[in-house]
Each structure stands twice: as structure tokens, then as C-alpha cells.
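Peer 1:
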Amino acid sequence: MTGDDRKISAYAHPERLVTTEWLAEQIEAGRVGGPDGIALLESDEDVLLYDTGHIPGALKIDWHLDLNDPVTRDYVDGARFAEVMGSRGIARDTTVVIYGDKSNWWAAYALWVFSLFGHEDVRLLDGGRAKWVTEGREVTREVPTPKQATYPVAERDDAPIRAFKDDVLAHLGKPLVDVRSPGEYSGELLHMPDYPQEGAMRGGHIPGAASVPWARAANDDGTFKSREDLEAIYLTEQGLSPDDDVVAYCRIGERSSHTWFVLTHLLGFESVRNYDGSWTEWGNAVRVPIEK
Amino acid sequence: MTATELPGPLAEIADDFRSASNDLKLQLLLEFSDELPALPERYAGQLDRLERVDECQTPLFLVVEVEQSSAAAERRVHLFFDAPAESPTTRGFAGILHAGLDGLSAEEVLAVPDDAPMRFGLADAVSPLRLRGMAAMLARIKRQVREKSAA
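Residue numbers (my numbering), protein chains in the order written: chain A, 1 to 292; chain B, 293 to 443.
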């Protein structure tokens with residue numbers, strides 16, 4: 001057992017994370033792609049990054065174009081999700097491994113959306129794209145052509161892991177984790193001279209939210225910190241407990257997906273919801289309470 | 293030229309994009325990303341001399357030079373960008389603006405309509421949210437041109 005394997009086996013749900021070494025072995029053994037193989041997906045902030053070169057056998061999934069509804073600010077529905085999955089050769093029982101840029105923000109976001117649809121076996125590649133590339137492993141521009149699979153139209157079940165604004169209002173007083181940068185938490189970062197940022201009318205944070213920037217859960221190489229280190233942050237320092245009802249948020253819900261993954265799958269919290277409306281909704285909403 | 297038309301080179305690029313399928317649009321954008329010229333020697337390693345564009349998903353740095361000449365029409369604009377290879381979309385937007393605007397006169401650049409980034413049919417291919425980055429670059433380019441050609 002390597003050190004990475006030992007680290008992963010200590011997590012509450014070790015089956016949710018794979019190492020670059022494990023993935024390389026699966027590719028070598030021909031187990032990635034194909035009707036019964038592992039589906040490998042790249043989910044990046046940058047819509048073109050996959051096209052510049054990706055892990056052999058990987059297909060692109062884009063958080064805007066594939067997972068968000070093109071009109072309403074919401075995720076796609078079950079029918080569209082079934083198309084997205086089927087066209088990538090993914091069946092309901094396929095093992096899906098997702099990786100991406102930015103310490104897996106968008107990979108965690110995609111995993112969280114897959115979870116809204118109840119896809120059982122979906123995992124992250126620890127360290128994401130950057131670790132694979134840094135290790136000098138193979139990348140290719142060759143795009144695989146998966147065989148169409150049949151994916152059922154699964155109803156999206158938001159309630160267990162997704163919070164809406166009204167849910168957050170009802171949640172005030174219970175644990176809230178703001179995973180944005182300290183400047184965003186304090187409200188300073190809204191005062192960009194001349195140029196409004198991806199906008200909110202008001203700065204600050206949701207009352208009672210603790211500031212735990214998402215990056216504290218990651219090592220410099222983008223891998224997740226060990227269970228021990230994560231417990232020191234979220235349990236000891238923040239005083240959270242795995243049976244707490246927690247809501248995490250950021251600006252649009254991508255960085256908080258990373259923290260949602262950490263709390264849910266690495267530390268075994270049973271009730272964590274991601275508030276994807278996040279600050280772009282809260283900071284623009286009329287008469288919601290704000291703390292500075 | 294009216295303020296609602298794109299200048300020649302940029303208009304040609306916009307036509308190419310608009311007539312392409314979404315997949316092809318991404319390939320075109322990747323080509324612009326690959327072809328974005330590196331910073332010249334005099335700016336290399338000196339990002340503090342460039343303006344940071346925060347609205348791009350990954351910050352991009354840009355600087356504008358305006359040739360100094362007595363005749364306003366001869367004041368040509370030159371554009372320089374720096375964005376990492378890990379941000380091909382941002383680089384692609386910069387590449388489009390470089391190919392479409394570099395070498396035009398200050399007057400022509402200032403006449404580029406602010407909604408130019410919306411005229412490439414890219415909203416469906418890359419999402420409107422991502423296009424904000426290109427609009428932010430254009431706004432800064434025009435502001436720098438205005439400042440640097442005022443003298």
C-alpha cells in the first residue's frame with residue numbers, strides 16, 4: 001500500500017477518491033472507456049482546456065453547457081442529464097471518475113450535480129488534472145468516440161444536498177460555512193474601482209457563517225489533505241460535528257462543492273447542503289440579512 | 293464607419309465564427325489561443341507594467357501601446373497580452389482581439405462597439421458568462437487607448 005492509498009483509506013468514504021497511479025493502471029489495463037469500463041470525465045473551468053490535451057480516454061463535460069439549464073438558473077432536468085450521460089457511454093451503474101483544473105473545483109461541482117441525479121458510483125481523481133500533468137503522465141488531443149449508452153431519466157432530488165435561499169433563511173443559527181476568500185467574506189472585494197465584478201450589490205456574508213476558505217482543505221498539489229488534517233480544521237477549530245446540519249456556499253456554488261465533497265465524503269458528515277445560489281444570489285437579494 | 297460596425301479584420305473573424313458549428317467554434321478559438329503572441333522582451337517578467345483583467349476566469353494581463361505621431365489618424369495601436377497556457381479560452385479571446393485590432397488606428401479601436409464580443413456567436417459555444425471576460429478586455433483596451441492617445 002502506498003502512502004496515497006493509506007491516506008485515502010482513512011477517509012469516511014474512501015471509494016470516492018482515486019489516485020493518479022490507480023487511474024494510470026486502469027488505463028494501461030484497458031479498463032477506461034468501452035461499454036463496461038470506467039468512464040473518465042474532465043470538468044474544467046476553462047471550456048477549452050480539455051481540447052489542449054487530456055488524459056487518454058477522457059471525455060469532456062462542461063459545467064455551463066452540459067449541466068446548467070441554458071435558460072433558467074438551474075441544473076438540467078432528468079431528460080437532458082440522461083442525454084449527457086448516454087452520449088458519453090455512461091449507464092446508470094457505470095463507474096465515473098471525474099477530474100479537472102483548479103484543484104478539482106469543477107470536478108467536485110460535476111460530482112455534486114451527478115449526485116443530485118442519484119448516480120451511485122462517481123469518484124474524483126485526487127489532485128486532478130494538475131497532478132497528472134505534473135507527474136509527466138500521458139496527455140492526448142485524441143477524442144474518444146464512446147458507444148451510445150442508455151441512461152434512465154432519473155428525477156433530480158435536490159432536497160438532501162442542495163439548499164435554496166429560503167432553506168438558508170430557515171437554517172440561520174445553524175452551521176454555515178463560507179468558503180470564499182477572506183476579502184469576499186468581509187465584503188471588501190466588492191469595491192473594485194470602475195469595474196463591477198461578477199456581481200453582487202452588497203458585500204459581506206450570511207449571518208453566522210464561519211469563514212473557512214475552500215483551499216484550506218487542499219494541499220499545494222491540489223490533492224485533499226489527510227483526514228487528520230481536515231478534522232483539525234473542521235472539527236477541532238470550527239467545532240463542527242459529523243451529525244451537524246451544515247450549509248456551504250461561495251459565489252456560484254463551485255468552490256463550495258469542493259467543501260461539500262470534503263465534509264460529506266472525506267469526513268462522513270451526513271447532512272451537508274450546497275447553496276449554489278451563493279453570494280451571487282444572496283448579495284443581490286432584497287432584504288436578506290447580511291453580516292459584515 | 294459607423295460606431296455599430298466592427299472594423300474590417302475583426303468583422304472577418306466574427307464572420308468565420310458565426311458561420312461555424314459550435315464544435316468548430318471551439319477549434320477556432322483554440323487556434324487563436326495557440327497563436328496569441330508571447331510578450332515581447334521589454335515586458336517579459338514585468339507584469340506590474342501591465343493591467344490585470346480580473347473579470348476573466350483566470351486573470352489576464354494586457355497593455356496597449358499607441359504610436360506617437362502628430363497626425364491622429366496615424367497613431368497605430370499595438371496590443372500585448374499575457375495569460376497562462378492553462379487558460380486557453382481567455383487566451384483565445386485575447387487572440388481574437390489581437391488579430392482583429394492590433395495595428396488599427398486609435399480612432400478605429402475607440403470606435404469598436406462595446407458589444408463586439410457578443411457578435412461572434414460564441415454565447416452558445418462557451419456560455420455568456422465566459423464572454424464577460426472578452427468584454428472586460430475590450431473595455432480596458434479602449435480605456436488605455438483613450439488615455440495614451442490623449443497626449
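C-beta: ideal position from N, C-alpha, C; glycine also. These figures come from a predicted structure and were not determined experimentally.
Looking at the secondary structure, which residues open and close the alpha helix (DSSP H) in which Lys147 of chain A lies?
Peer 2: One-based indexing of the first sequence puts residue 147 of chain A at position 147. Here Lys147 of chain A belongs to no alpha helix (DSSP H), and DSSP marks it neither H nor E.
Peer 1: Does the beta-carbon distance from Thr381 of chain B to Leu48 of chain A come in below 8 Å?
Peer 2: Within the second sequence, the letter at position 89 stands for residue 381 of chain B. Within the first sequence, the letter at position 48 stands for residue 48 of chain A. Cβ distance < 8 Å, so Thr381 of chain B and Leu48 of chain A count as in contact.
Peer 1: Is Pro380 of chain B near the ligand MG, with its Cβ less than 7 Å from a heavy atom?
Peer 2: Among the components modelled here there is no ligand, and therefore nothing to report on the ligand MG.
Peer 1: So Tyr151 of chain A packs on Ala91 of chain A, CB below 8 Å; how close in whole Å?
Peer 2: The residue you call residue 151 of chain A lines up with position 151 of the first sequence. The residue you call residue 91 of chain A lines up with position 91 of the first sequence. Yes, Tyr151 of chain A and Ala91 of chain A are in contact; Cβ-Cβ is about 6 Å, under 8 Å.
Peer 1: DSSP on Lys317 of chain B, reduced to helix/strand/coil?
Peer 2: On the second sequence, residue 317 of chain B is found 25 positions in, with the first residue counted as 1. In this structure, Lys317 of chain B counts as helix in the three-state DSSP scheme.
Peer 1: Judging by CA-CA distance, which residue of A:Gly253, A:Thr259, A:His205, A:Ser241 is the nearest neighbour of Ala215 of chain A?
Peer 2: On the first sequence, residue 215 of chain A is found 215 positions in, with the first residue counted as 1. Of the candidates A:Gly253, A:Thr259, A:His205, A:Ser241, the one whose C-alpha sits nearest the C-alpha of Ala215 of chain A is A:Thr259.
Peer 1: Could you work out which residue in B:Asp407, B:Gly413, B:Pro420 is closest to Ser316 of chain B when comparing CA atoms only?
Peer 2: Locating residue 316 of chain B in the second sequence gives position 24, counting from the first residue. Correcting the residue type first, residue 316 of chain B is Leu in the shown sequence and not Ser. Taking only the C-alpha atoms, the option nearest Leu316 of chain B is B:Gly413.
Peer 1: Looking at the structure shown, is Asn274 of chain A part of a helix, part of a strand, or coil, going by DSSP?
Peer 2: Along the first sequence, one-based indexing puts residue 274 of chain A at 274. Strand.
Peer 1: Considering only the beta carbon of each residue, do Leu302 of chain B and Ala417 of chain B sit closer than 8 Å?
Peer 2: As a working mapping, residue 302 of chain B is identified with position 10 in the second sequence. As a working mapping, residue 417 of chain B is identified with position 125 in the second sequence. Their beta carbons are not under 8 Å apart, which means Leu302 of chain B does not touch Ala417 of chain B by this criterion.
Peer 1: Does Val418 of chain B have its Cβ less than 8 Å from a Cβ in chain A?
Peer 2: Position 126 of the second sequence, counted from the start, is the residue given in the question as residue 418 of chain B. Yes - at least one Cβ of chain A is within 8 Å of the one on Val418 of chain B.
Peer 1: Mind listing which residues of the stretch 323 to 336 of chain B have their C-beta closer than 7 Å to chain A's C-betas, in chain order?
Peer 2: So the close ones are Ser325.
Peer 1: Beta-carbon within less than 6 Å of His333 of chain A's beta-carbon, same chain only, minus the 5 sequence neighbours each way: which residues are those?
Peer 2: Chain A is shown only over 1 to 292; residue 333 of chain A falls outside these bounds and no answer can be derived.
Peer 1: Have a look at A:Ala107, A:Gly127, A:Glu254 and flag the residue whose alpha-carbon is nearest the alpha-carbon of Thr280 of chain A.
Peer 2: On the first sequence, residue 280 of chain A is found 280 positions in, with the first residue counted as 1. The residue with the shortest Cα to Cα distance from Thr280 of chain A is A:Glu254.
Peer 1: Answer yes or no: do Arg156 of chain A and Phe114 of chain A have a C-beta to C-beta separation smaller than 8 Å?
Peer 2: Taking the first residue of the first sequence as position 1, residue 156 of chain A is located at position 156. Taking the first residue of the first sequence as position 1, residue 114 of chain A is located at position 114. In this structure, Phe114 of chain A does not lie closer than 8 Å to Arg156 of chain A by Cβ.
Peer 1: Please state whether DSSP places Met293 of chain B in a helix, a strand or coil.
Peer 2: In the second sequence, residue 293 of chain B corresponds to position 1, counting from 1. With a pLDDT of only 46 at Met293 of chain B, under 50, the local geometry of the prediction cannot be trusted, and no value is derived from it.
Peer 1: Return the residue from the list A:Arg287, A:Lys225, A:Ile38 that minimises the CA-CA distance to Asp166 of chain A.
Peer 2: Working through the first sequence from its first residue, we reach residue 166 of chain A at position 166. The option with the nearest alpha carbon to Asp166 of chain A is A:Arg287.
Peer 1: Check whether the Cβ of Leu65 of chain A lies closer than 8 Å to any Cβ atom in chain B.
Peer 2: Taking the first sequence and counting its residues from 1, the one referred to as residue 65 of chain A is at position 65. True, the Cβ-Cβ gap to chain B drops below 8 Å.
Peer 1: Just to confirm my understanding: we take Glu366 of chain B, look at its own chain, exclude 5 residues before and 5 after, and list those with CB closer than 8 Å. What are they?
Peer 2: Locating residue 366 of chain B in the second sequence gives position 74, counting from the first residue. Answer for Glu366 of chain B: Glu359, Ser397, listed in chain order.
Peer 1: Using a cut-off of 8 Å between C-beta atoms, extract the partners of Leu321 of chain B located in chain A.
Peer 2: Position 29 of the second sequence, counted from the first residue, corresponds to residue 321 of chain B. Ordered by position in chain A, the residues that pass the 8 Å Cβ test against Leu321 of chain B are Leu48.
Peer 1: Mark Val272 of chain A as exposed unless 16 or more other C-beta atoms lie within 10 angstroms of its C-beta, in which case mark it buried.
Peer 2: If you number the first sequence from 1, residue 272 of chain A lands on position 272. Buried, by the Cβ-count rule.
Peer 1: Could you work out which residues of chain B lie near Asp243 of chain A, taking near to mean beta carbons separated by less than 8 Å?
Peer 2: Taking the first sequence and counting its residues from 1, the one referred to as residue 243 of chain A is at position 243. Correct list: empty, because the minimum Cβ distance to chain B is about 37 Å.
Peer 1: My understanding is that Ala24 of chain A touches Arg137 of chain A, with C-beta atoms under 8 Å, so please give their C-beta distance in whole angstroms.
Peer 2: Numbered from its first residue, the first sequence carries residue 24 of chain A at position 24. Numbered from its first residue, the first sequence carries residue 137 of chain A at position 137. Between Arg137 of chain A and Ala24 of chain A the Cβ distance is about 6 Å, and since that is below 8 Å, they are a contact.
Peer 1: Can you pull the chain A residues whose beta carbon is under 7 Å from the beta carbon of Gly387 of chain B, in chain order?
Peer 2: In the second sequence, residue 387 of chain B corresponds to position 95, counting from 1. Under the 7 Å cutoff, chain A gives no residues; its nearest Cβ is about 11 Å from Gly387 of chain B.
Peer 1: Closer than 8 Å, Cβ to Cβ, to anything on chain A: give me those residues from the stretch 421 to 432 of chain B, in chain order.
Peer 2: Within the stretch 421 to 432 of chain B, the qualifying residues are Leu421, Arg422, Arg424, Ala428, Ala431.
Peer 1: Any residues in the stretch 305 to 320 of chain B with a beta carbon nearer than 9 Å to a beta carbon of chain A? Which ones, in chain order?
Peer 2: Cβ contacts with chain A come from Asn314, Leu318, Gln319.
Peer 1: Using a C-beta cutoff of 8 Å, does Gly384 of chain B count as contacting chain A?
Peer 2: The residue given as residue 384 of chain B occupies position 92 in the second sequence. Taking Cβ atoms only, chain A reaches closer than 8 Å to Gly384 of chain B, which makes this a yes.
Peer 1: Could you give the first and the last residue of the continuous alpha helix (DSSP H) run that contains His205 of chain A?
Peer 2: Sequence index remark: in the first sequence, residue 205 of chain A carries index 205 (1-based). Element bounds for His205 of chain A: n/a, residue is neither H nor E.
Peer 1: Taking the DSSP output, what are the residues bridged to His54 of chain A?
Peer 2: If you number the first sequence from 1, residue 54 of chain A lands on position 54. According to DSSP, which records beta bridges pairwise, His54 of chain A is partnered with A:Thr140.
Peer 1: Assign His265 of chain A to one of three DSSP states: helix, strand, or coil.
Peer 2: Translated into positions along the first sequence, residue 265 of chain A becomes position 265. Correct three-state label for His265 of chain A: helix.
Peer 1: Looking only at DSSP bridge pairs, what is Ser397 of chain B linked to?
Peer 2: Within the second sequence, residue 397 of chain B is the residue found at index 105, counting from 1. B:Arg368.
Peer 1: Alpha carbon to alpha carbon, how far is Phe164 of chain A from Asp46 of chain A?
Peer 2: As a first step, residue 164 of chain A is located in the first sequence; it is residue number 164 there, counting from the start. As a first step, residue 46 of chain A is located in the first sequence; it is residue number 46 there, counting from the start. Computed Cα separation, rounded: 26 Å.
Peer 1: So, is Thr145 of chain A buried or exposed, given that buried needs 16 or more other C-beta atoms within 10 angstroms?
Peer 2: Position 145 of the first sequence, counted from the first residue, corresponds to residue 145 of chain A. Exposed, because fewer than 16 other Cβ atoms sit within 10 Å of the Cβ of Thr145 of chain A.
Peer 1: To the nearest angstrom, how far is it from the Cα of Gly89 of chain A to the Cα of Asp69 of chain A?
Peer 2: Reading the first sequence from its first residue, position 89 is the one you call residue 89 of chain A. Reading the first sequence from its first residue, position 69 is the one you call residue 69 of chain A. The alpha-carbon atoms of Gly89 of chain A and Asp69 of chain A are separated by roughly 21 Å.
Peer 1: Compare the Cα-Cα distances from Leu339 of chain B to each of B:Leu328, B:Pro329, B:Leu352 and report the closest residue.
Peer 2: Within the second sequence, numbered from 1, the residue matching residue 339 of chain B stands at position 47. Leu339 of chain B has its Cα closest to that of B:Leu352, out of B:Leu328, B:Pro329, B:Leu352.
Peer 1: Cβ of Phe52 of chain A less than 8 Å from any chain B Cβ?
Peer 2: On the first sequence, residue 52 of chain A is found 52 positions in, with the first residue counted as 1. According to the sequence provided, residue 52 of chain A is Thr. The question's Phe does not apply to it. Yes - at least one Cβ of chain B is within 8 Å of the one on Thr52 of chain A.
Peer 1: In the structure shown, what three-state DSSP assignment does His191 of chain A receive?
Peer 2: Locating residue 191 of chain A in the first sequence gives position 191, where the first residue counts as 1. Only weak support is given to the placement of His191 of chain A: the predicted model assigns it a pLDDT of 43, under 50, and the question is left unresolved by the model.
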